[in-house]
Amino acid sequence: MSIKTEAGVPILETARTILRPHRPADFETYAAIWAEPAVIRFIGGKPRTREESWMRFLRHAGLWSLIGYGFWAIEDKATGRFIGEAGFHDLKREIEPSIEGVPEAGWALATEA
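For the numbering used here, count along the sequence shown from 1 and bump the result up by 1.
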């Protein structure tokens, strides 16, 4: 079985959508989505400026080549329009407080609590 790819990104299809890499033509809609307060309301932060959206948009392409996974653009199959995004990323965030040097922290204790 072969998997279709574009720019090294696997293309996934559902009955109604196509998950594919972001394309330059997606940016106007992408920026409008991330500038919308109703979108940000449930995920935290503040609406993004065009510049912030552009930097994030560019980052999506780099994720795939650097770590082998990232975000897909979601395309409506019926219209061909970009309608959003979904995916995975690694923010390299640390747990607070740090558990570095405490290897037993959290190991198999949840089932006993």
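C-beta: ideal position from N, C-alpha, C; glycine also. Computed from a predicted model, the values in this text were never measured in an experiment.
*Indicate whether E76 and I19 have their beta-carbon atoms separated by less than 8 Å.*
The criterion of a C-beta distance shorter than 8 Å is satisfied by E76 and I19.
*asked:* Which of the three DSSP states is assigned to G63 in this structure?
replied: Correct three-state label for G63: helix.
*If F58 and F89 are in contact, beta carbons under 8 Å, what's the gap, nearest whole angstrom?*
Rounded, the Cβ-Cβ distance is 17 Å, inconsistent with contact.
*By how many angstroms is the C-alpha of F43 removed from the C-alpha of G69?*
If you draw a straight line from the Cα of G69 to the Cα of F43, it comes to about 28 Å.
*asked:* Helix, strand or coil, according to DSSP, for A33 in the structure here?
replied: Residue state, collapsed to three classes: helix.
*Considering only residues of the same chain and omitting the five flanking positions on each side of T30, which have a CB-CB separation below 7 Å?*
So the qualifying residues of the chain are F83.
*Determine the contact status of W55 and V10, defining contact as a CB-CB distance below 8 Å.*
No, Cβ-Cβ distance for W55 and V10 is not below 8 Å.
*Evaluate A32 with the Cβ neighbour count: other Cβ atoms within 10 Å of its Cβ, from every protein chain shown; 16 or more gives buried, anything less gives exposed.*
Buried, because 16 or more other Cβ atoms sit within 10 Å of the Cβ of A32.
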